[in-house]
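Counting from 1, position 71 in the sequence shown corresponds to residue 71 in UniProt numbering; the numbering is continuous, with no gaps. The structure appears right after this line, and notes come after that.
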Amino acid sequence: MDCHESHKNRTFGRKFGDDAYAIEELVAELGSVFLCASLGFVDSTIEWHASYLDSWIKVLKANGSTVFCAVSAAQKAFDLIQASSELVALAE
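Have a look at this one:
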């Protein structure tokens with residue numbers, strides 16, 4: 001898989017269950033929470049997100065700074081998606 005230039009210095013998990021994979025999944029889930037909230041889908045999805053995030057408690061307990069790194073990465077992804085969607089809207 002050919003990654004975007006900004007992804008080339010990131011470490012992605014190699015397989016389901018390893019810590020790096022779990023962190024990428026956490027980043028994706030948090031990004032999903034941010035996107036759903038920005039689109040007004042909070043009420044219909046919040047319980048599902050909460051139970052899914054609960055499964056990451058083990059990773060978060062092992063390293064408290066992981067959550068801050070994951071939130072930061074998710075925010076960057078959200079900002080990129082939001083900026084891209086604004087560019088598409090302007091182009092239309």
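A virtual CB, placed ideally from N, CA and C, is assigned to each residue, including glycine. Just so we're clear, the structure is a prediction, and the values are computed from it rather than from any experiment.
Going by beta carbon distance, what residues of the same chain come within less than 7 Å of residue i, once the five residues before and after it are set aside?
i	result
F73	For the record, residue 73 in the displayed sequence is Ala; it is not Phe. Here the set comprises V27.
L30	A70, V71, A74
Please classify residue i as buried or exposed, where buried requires at least 16 other C-beta atoms within 10 Å of its C-beta.
i	result
A62	exposed
A70	buried
I23	buried
For the candidate residues the options, whose alpha-carbon lies nearest to that of residue i?
i	options	result
D19	L60, L80, V33, S84	L60
A37	V67, S85, F78	F78
Give the C-beta separation of residue i and residue j to the nearest angstrom, bearing in mind that I take them to be a contact with Cβ-Cβ under 8 Å.
i	j	result
I81	L35	7 Å
Which same chain residues, not among the five before or five after residue i, have their C-beta less than 6 Å away from its C-beta?
i	result
W56	L26
A83	none
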